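S.K.:
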Amino acid sequence: MNASPASIAPQPEPSAAAARFLKRTHKLFIGGEWVDSKSSKRIPVMDPATGREISSVADANAADIERAVAAARQAFEKGPWPEMLPVQREALIWKLSDLIERNADELAELESLNNGKTKFIASVVDIAGTRDYFRYMAGWATKLEGSTFKTSIHGPPGAKFHTFTLREPVGVVGAIVPWNFPLAMASWKLGPALASGCTVVLKPAEQTPITALRFAELIQEAGFPPGVVNIVTGYGETAGAAIVNHPGVDKVAFTGSTEVGKIINKAASDTVKRVSLELGGKSPVVVLPDADLNAVVGGAANAIFFNSGQVCTAGSRLFAHKKVFDQVLEGLSSAAQNIRLGPGLDPKTEMGPLVSKEQQERVLGYIDSGRKDGAKVVAGGEAPSSPGYFVKPTVLANVRPDMRVVREEIFGPVVVAQRFEDLDEIAALANDTPYGLAASVWSRDVSAVHRLVPKIRAGTVWVNCHNFVDPAMPFGGFKQSGFGRESGRAVFEMYTELKSVCIAI
Ligand code: ADP
């Protein structure tokens, strides 16, 4: 890593294609057309590296959501979509992935400009991940199936039955996604929805709507029937809530904060919607005494500082055994100090800003609370002087389990480092959180790993790595990190209904 320079470099000029797209008057994508929102209000779109407005999008209200849901219902019930052969749906989803690949550079640039992450990460993680997610999911369109089985029904003498299940699409899906991986999180909802024959109303986060709008153009170009995918930009409390409350939406797929997940889960119960929630985390990184410390230092730094810590699986609680704690803390702190902050389009940048001023203030507020509670700031702990929303990579030590910085999700580049002594107590320490999204264990002792993994209450446990996901690998939370699994075969439990058919023959 390069030594971090004292000041933040300027954001380079965007490409002509990205600049042209940002300049457009963005509308809502409903029923296969670009339509004006009912209200003339706009939502500003910021470049978090400069704090400057780079575009604006429509502020959809309940009347716009009404229109989008009607288009999705029409496409689900009467359009060509329900009659399309699975292989035709597969081909369309694959075509979409090809269009993503063809426009990858522009999409990565737009994601970087709007979210703050580096264009490199946007390219290799967000956009390549989105492309591959659709490719993986395309194949499932032709592979979903029910089963046949024998029953023991005591019917009248001589009666016989033929019984089987049909796996059918759940209907209209309301997809509400966050700002940390804007297009990738949309693909995690759209991929399985489209493969299973659902139609979708997608609402990107108000902070990061830009790539979803460029993506809507690719939906058009791929040739999806009108109304299969509708994309509305708007705020959570208005447009998002209208999706959750709408009786024409059969399922809500949500990724975001635990706080909002609880609100959505309550609201969706009025219409008994299917709900899947992928929520917050406070994931432990557990370093056993025999671990390869070189791998641990890089791995623990990546676990927390990747995407500026704005990752639901961020390794934000480091537990290192007392034999290795000092070395790990020193290595991690020096890695933190050497990370080069900067704007996303500068190829020298290693870590971008946080997504918004609000998020920057929230994270700095947590660091202050840690300081006041007696934590020691070993690295970072402040914002560099810049109009952008940067926070230096921060390592806190001397923390106690009751501190807010240890208990609450910070969603920024802040890790709390703790020492442990007894291998028998580590599972309890790792599990001492309301969350259960992910964890990592670092060790070369295969028996110790296999003994520990089953004791950790989390949806994903990485061993000697952290933050790796794949379309084939089920992903989701235990405890207050949510319910339902995305990715893999498991995701189709949430996008399909199982219908039993019993025929007296
Ligand atoms: P964060 O707190 O990290 O900004 P949120 O959980 O608030 O993340 O946002 C995730 C997504 O949920 C965004 O698209 C946001 O607009 C949406 N959202 C926020 N509040 C609500 C709500 N009350 N109902 C539906 N969607 C919401």
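According to this note's numbering, the stretch in the sequence shown is residues 200 to 704, in order.
Idealized CB from N, CA, C, for every residue including glycine.
From a predicted model like this one, the values you see are computed outputs, not experimental measurements.
(1) Please identify the residue among 652, 625 and 306 whose C-alpha is closest to the C-alpha of residue 409.
(2) According to DSSP, is residue 584 helix, strand or coil?
(3) Would you call residue 480 buried or exposed, if buried means 16 or more other Cβ atoms sit within 10 Å of its Cβ?
(4) Just the Cα atoms here: how many angstroms apart are residue 664 and residue 608?
(5) Take the Cβ of residue 395 as the centre, count every other Cβ of all protein chains shown within 10 Å, and call the residue buried at 16 or more, exposed below.
(6) What runs of the alpha helix (DSSP H), each 4 residues or longer, lie entirely inside the region 234-313?
(7) Can you grab the Cα-Cα spacing for the pair residue 252 / residue 700, in whole Å?
(8) Please report the straight-line C-alpha distance between residue 239 and residue 259, rounded to a whole angstrom.
(9) Do residue 327 and residue 388 have their beta-carbon atoms positioned less than 7 angstroms apart in this structure?
(10) Helix, strand or coil for residue 373 per DSSP?
(11) Is residue 392 helix, strand or coil when you go by DSSP?
(12) Taking Cβ to Cβ, would you say residue 399 is nearer than 7 angstroms to residue 372?
(13) Please report the Cβ distance between residue 509 and residue 540, rounded to the nearest whole angstrom; I am assuming they are in contact, meaning their Cβ atoms lie under 8 angstroms.
(14) Can you name the start and end residues of the beta strand (DSSP E) that residue 475 belongs to?
(15) Would you call the region 589-603 and the region 478-492 in contact, with 3 or more CB pairs under 8 angstroms?
(16) Within 10 angstroms of its Cβ, does residue 363 collect 16 or more other Cβ (buried), or is it exposed?
(17) Taking the C-alpha atoms as reference points, what is the distance between residue 635 and residue 321?
(18) Mind reading off the beta-carbon distance from residue 454 to residue 376? Whole number of angstroms is fine, and I expect it under 8 angstroms.
(19) Can you give me the start and stop residues for the alpha helix (DSSP H) that residue 353 sits inside?
(20) Quick check on this structure: which residue in 579, 557 and 555 has the alpha carbon closest to the alpha carbon of residue 566?
(21) The beta strand (DSSP E) spanning residue 429 covers which residue range?
(22) Given that a residue counts as buried once 16 or more other Cβ atoms are within 10 Å of its Cβ, and exposed if not, what is residue 317?
(23) Using a Cβ distance threshold of 8 angstroms, determine whether the region 405-420 contacts the region 293-303, with at least three qualifying pairs required.
(24) Tell me whether residue 223 is buried or exposed, calling it buried when 16 or more other Cβ atoms sit within 10 Å of its Cβ.
(25) Helix, strand or coil for residue 661 per DSSP?
(26) Using a Cβ-Cβ cutoff of less than 8 angstroms, which residues in the same chain neighbour residue 141 once the five nearest sequence positions on both sides are dropped?
(27) Assign residue 412 to one of three DSSP states: helix, strand, or coil.
(28) Taking the Cβ atom as the reference point for each residue, do residue 655 and residue 671 lie within a distance shorter than 7 angstroms?
(29) Please find out if some non-hydrogen atom of ligand 1 comes closer than 6 angstroms to the beta-carbon of residue 455.
(30) Kindly give me the distance between the Cβ atoms of residue 577 and residue 532, rounded to whole angstroms, as I take these residues to be in contact under 8 angstroms.
(31) What number of angstroms, rounded off, separates the C-alpha of residue 407 from the C-alpha of residue 378?
(32) State the start and end residues of the unbroken beta strand (DSSP E) segment that holds residue 437.
(33) Nearest-angstrom Cα distance between residue 545 and residue 214?
(34) Below 8 angstroms on the Cβ atoms is my guess for residue 507 versus residue 550; work out the distance and round it to an integer in Å.
(35) Residues bridged to residue 705 by DSSP?
(36) For the candidate residues 653, 662 and 391, whose alpha-carbon lies nearest to that of residue 689?
M.R.: Quick look at the numbers:
(1) Translated into positions along the sequence shown, residue 409 becomes position 210. Per the Cα distances, 306.
(2) Position 385 of the sequence shown, counting from 1, holds the residue named residue 584. Residue 584 falls in the coil class under three-state DSSP.
(3) The sequence position of residue 480 within the sequence shown is 281, counting from 1. Residue 480 should be labelled buried.
(4) Here residue 664 is taken as the residue at index 465 of the sequence shown, counted from 1. Here residue 608 is taken as the residue at index 409 of the sequence shown, counted from 1. Going by the C-alpha atoms only, they are around 21 angstroms apart.
(5) Taking the first residue of the sequence shown as position 1, residue 395 is located at position 196. By the neighbour-count rule (16 or more Cβ atoms within 10 Å), residue 395 is buried.
(6) 261-276 and 285-301
(7) Against the sequence shown, residue 252 aligns to sequence position 53. Against the sequence shown, residue 700 aligns to sequence position 501. About 56 angstroms.
(8) Counting from 1 along the sequence shown, the entry for residue 239 is found at position 40. Counting from 1 along the sequence shown, the entry for residue 259 is found at position 60. Roughly 9 angstroms between the two C-alpha positions.
(9) Start at 1 with the first residue of the sequence shown, and residue 388 comes out as number 189. Start at 1 with the first residue of the sequence shown, and residue 327 comes out as number 128. Contact: no.
(10) Within the sequence shown, residue 373 is the residue found at index 174, counting from 1. DSSP places residue 373 in strand when its eight states are reduced to three.
(11) The residue you call residue 392 lines up with position 193 of the sequence shown. Here residue 392 sits in helix by DSSP.
(12) Position 200 of the sequence shown, counted from the first residue, corresponds to residue 399. Position 173 of the sequence shown, counted from the first residue, corresponds to residue 372. Yes, the Cβ-Cβ distance between residue 399 and residue 372 is below 7 angstroms.
(13) Position 310 of the sequence shown, counting from 1, holds the residue named residue 509. Position 341 of the sequence shown, counting from 1, holds the residue named residue 540. Contact flag wrong, Cβ pair sits at about 14 angstroms.
(14) Taking the first residue of the sequence shown as position 1, residue 475 is located at position 276. Note, residue 475: beta strand (DSSP E), 473-477.
(15) no
(16) Along the sequence shown, one-based indexing puts residue 363 at 164. Looking at its Cβ environment, which holds fewer than 16 other Cβ atoms inside 10 Å, residue 363 is exposed.
(17) Here the question's residue 635 lines up with position 436 in the sequence shown. Here the question's residue 321 lines up with position 122 in the sequence shown. Spanning the two alpha carbons is a distance of roughly 26 angstroms.
(18) As a position in the sequence shown, residue 454 is number 255, starting the count at 1. As a position in the sequence shown, residue 376 is number 177, starting the count at 1. With 8 angstroms as the limit, residue 454 and residue 376 qualify as a contact, their Cβ atoms being about 6 angstroms apart.
(19) The residue labelled residue 353 in the question sits at position 154 within the sequence shown. Careful: residue 353 lies outside any alpha helix (DSSP H) and carries neither H nor E.
(20) Along the sequence shown, read from residue 1 onward, the residue named residue 566 stands at position 367. Of the candidates 579, 557 and 555, the one whose C-alpha sits nearest the C-alpha of residue 566 is 579.
(21) On the sequence shown, position 230 is the one that residue 429 refers to. It spans 428-430 - the beta strand (DSSP E) in which residue 429 sits, taken as one unbroken run.
(22) Numbered from 1 along the sequence shown, position 118 holds the residue referred to as residue 317. Per the 10 Å Cβ criterion, buried.
(23) yes
(24) Taking the first residue of the sequence shown as position 1, residue 223 is located at position 24. Looking at its Cβ environment, which holds fewer than 16 other Cβ atoms inside 10 Å, residue 223 is exposed.
(25) The residue given as residue 661 occupies position 462 in the sequence shown. Residue state, collapsed to three classes: strand.
(26) Residue 141 is absent from the model: the chain starts at 200 and stops at 704.
(27) Residue numbering aside, residue 412 sits at position 213 when the sequence shown is read from its first letter. DSSP places residue 412 in helix when its eight states are reduced to three.
(28) Position 456 of the sequence shown, counted from the first residue, corresponds to residue 655. Position 472 of the sequence shown, counted from the first residue, corresponds to residue 671. Contact: no.
(29) Taking the first residue of the sequence shown as position 1, residue 455 is located at position 256. Flag set: Cβ of residue 455 near ligand 1.
(30) Within the sequence shown, the letter at position 378 stands for residue 577. Within the sequence shown, the letter at position 333 stands for residue 532. Between residue 532 and residue 577 the Cβ distance is about 5 angstroms, and since that is below 8 angstroms, they are a contact.
(31) The residue given as residue 407 occupies position 208 in the sequence shown. The residue given as residue 378 occupies position 179 in the sequence shown. Those two C-alpha atoms are separated by around 5 angstroms.
(32) Translated into positions along the sequence shown, residue 437 becomes position 238. Unbroken run through residue 437: none, as it is neither H nor E.
(33) Here residue 545 refers to the residue found at position 346 when the sequence shown is read from its first residue. Here residue 214 refers to the residue found at position 15 when the sequence shown is read from its first residue. Approximately 13 angstroms, taken between the alpha carbons.
(34) In the sequence shown, the residue the question calls residue 507 occupies position 308. In the sequence shown, the residue the question calls residue 550 occupies position 351. Confirmed, about 6 angstroms.
(35) Any answer about residue 705 is impossible in this case: the structure gives the chain only from 200 up to 704.
(36) Taking the first residue of the sequence shown as position 1, residue 689 is located at position 490. Selected option, being the one with the closest Cα: 391.
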